[in-house]
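S.K.: So the sequences go chain by chain: A and B.
Take the first sequence: its position 150, counting from 1, is numbered 152 in my numbering, and each next residue is one higher.
Take the second sequence: its position 95, counting from 1, is numbered 97 in my numbering, and each next residue is one higher.
Note that the Cβ used here is the ideal one computed from N, Cα and C, for glycine as well.
Protein chains: 2
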Amino acid sequence: MSLRFALLGLLARESLTGYDLTKRFDSTVGFFWSAKHSQIYPELANLTQEGLVTYELVTQTSKPNKKVYTITEEGRAALRAWIDTPGDRRTVKDPLLMRIWVVGMVDPNLALRQLREVSAEYEKRGAALEQAELEARAAGADRPTPDNMGLGAFMTLRCGLLQHQAYREWLNWSIAQLERVVEATAKAGV
Amino acid sequence: MSLRFALLGLLARESLTGYDLTKRFDSTVGFFWSAKHSQIYPELANLTQEGLVTYELVTQTSKPNKKVYTITEEGRAALRAWIDTPGDRRTVKDPLLMRIWVVGMVDPNLALRQLREVSAEYEKRGAALEQAELEARAAGADRPTPDNMGLGAFMTLRCGLLQHQAYREWLNWSIAQLERVVEATAKAGV
DNA sequence: CAGCACATGTAATTTGTTACATGATTGC
DNA sequence: GCAATCATGTAACAAATTACATGTGCTG
Chain A
3 MSLRFALLGL LARESLTGYD LTKRFDSTVG FFWSAKHSQI YPELANLTQE
53 GLVTYELVTQ TSKPNKKVYT ITEEGRAALR AWIDTPGDRR TVKDPLLMRI
103 WVVGMVDPNL ALRQLREVSA EYEKRGAALE QAELEARAAG ADRPTPDNMG
153 LGAFMTLRCG LLQHQAYREW LNWSIAQLER VVEATAKAGV
Chain B
3 MSLRFALLGL LARESLTGYD LTKRFDSTVG FFWSAKHSQI YPELANLTQE
53 GLVTYELVTQ TSKPNKKVYT ITEEGRAALR AWIDTPGDRR TVKDPLLMRI
103 WVVGMVDPNL ALRQLREVSA EYEKRGAALE QAELEARAAG ADRPTPDNMG
153 LGAFMTLRCG LLQHQAYREW LNWSIAQLER VVEATAKAGV
């Protein structure tokens, strides 16, 4: 039930198309929410019908036409009401950790391959996040003042960064652990 | 599709009932996987039918009877095959962060209430995690040797701990940020 | 000329949640 | 006596993924 609020939340900052929203969900806010376009478009239709958003059809020549969605006053009210609602808890599904859980019963090299793959992704994405934080600070988004509309985005970005760092740290530590296991196995095998 | 592998993974370490599995999913492995009993029981039935697990019916007098599930050799093989499968990525849904994202448009006190509530939970759970890590170390689960069957569980626990610490750190920082906003608002309001 | 970015949608299927259903024992 | 723990299941509903469907223009 909170996809609608995620959409309203994103639209509360800026008007966007369904396509833009989809991109947000797998980049900027991807670390705390995600959704595919096939889920987003129907929900936008619902929100429109309920009057929580409106859209303007923008005709384009060199690209497909698009619908730019804007949150309405009712939409903002609904969002505000939701904020003060007893919070559903965070959920995580991490198949990598599930694989690590059973690492004792498989060739540690298999797990290592997966860890290294994920690690490479995280290194890349980590750099992008750090860059984003610097830019946000430069833009003054970190000022804790009531007029600073960018503070919320900055705070979530900061959370993403800390989480990301912790995960990277763990990845590196894990890789080192399993490398030692592999070494020990090689020695015993000879 | 990976609930089945999560179940097989848990059963690879020890034989458990559906009820036990449910508890694991909202405590020990809860930070990287979760499922309700209504999803678990039918999946156990499927796994039984496919021969990946078997169960033994244990009759009890002072408690309801139970089915203790054990992974089969085929089950272990299926799990091993899955480990080396191209990994689905981690997904997160965090309604708290969604609320923070839009904090600029609401009374920061509302957000503060939510943050403090979550913070209290995290402090409590953090202590439990730290305790668990100490015990695991004492039991030698941290040795990176091929014979150490507990290493996988220790590694995931460590990940949980690091993630948890990062989140707590962020919660405290966030609370401080919003307190400053509230102060600034009070000053301006007078 | 192949593949990607843009852009929006629907249909089929799989996952996951909430609610319904039952029932004994133990601790407060 | 009332709530919690133990224990297993089904049914109804909501949420999410994968696949189907279409079409232009730019870039390598």
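1. Are there 16 or more other CB atoms within 10 angstroms of the CB of Ala37(B), so buried, or fewer, so exposed?
2. Since Leu173(B) and Asp86(A) are thought to touch, with beta carbons under 8 angstroms apart, how far apart are those beta carbons, to the nearest angstrom?
3. Give me the Cα-Cα distance between Glu125(B) and Glu132(B), rounded to the nearest whole angstrom.
4. Taking 8 angstroms as the limit between beta carbons, can you name the residues of its chain near His166(A), skipping five residues before and five after?
5. May I ask you to verify whether the segment 53 to 71 of chain B touches the segment 69 to 86 of chain A, counting CB pairs closer than 8 angstroms and requiring at least 3?
6. Looking at the C-beta of Asn150(B), does it have a partner C-beta in chain A at a distance below 9 angstroms?
7. Does DSSP put Leu12(A) in a helix, a strand or coil?
8. Please confirm whether Ala138(A) and Phe156(A) have their CB atoms less than 9 angstroms apart.
9. Could you tell me the alpha carbon to alpha carbon distance between Leu90(A) and Asp96(B), rounded to whole angstroms?
10. With C-beta atoms as the reference, is Val104(A) less than 9 angstroms away from Ala14(B)?
11. Looking only at its chain, what residues have a beta carbon closer than 7 angstroms to the beta carbon of Asp28(A), apart from the 5 residues adjacent to it on each side?
12. In the structure shown, what three-state DSSP assignment does Asn120(B) receive?
13. Chain B beta carbons: is any one of them nearer than 9 angstroms to that of Thr187(A)?
14. Less than 9 angstroms between the beta carbons of Leu46(B) and Ile73(B), yes or no?
15. Based on DSSP bridge pairs, tell me the residues matched to Ile73(B).
M.R.: Reading from the atomic positions:
1. buried
2. Not a contact, Cβ separation roughly 18 angstroms.
3. 11 angstroms
4. Phe33, Tyr124, Arg127, Gly128, Leu131
5. no
6. yes
7. helix
8. yes
9. One point to set straight first is that residue 90(A) is Asp, not Leu, in the sequence displayed. Spanning the two alpha carbons is a distance of roughly 8 angstroms.
10. yes
11. Ser36
12. Residue 120(B) is actually Val in this sequence, not Asn. Note: Val120(B) maps to helix in three-state DSSP.
13. yes
14. no
15. Val55(B)
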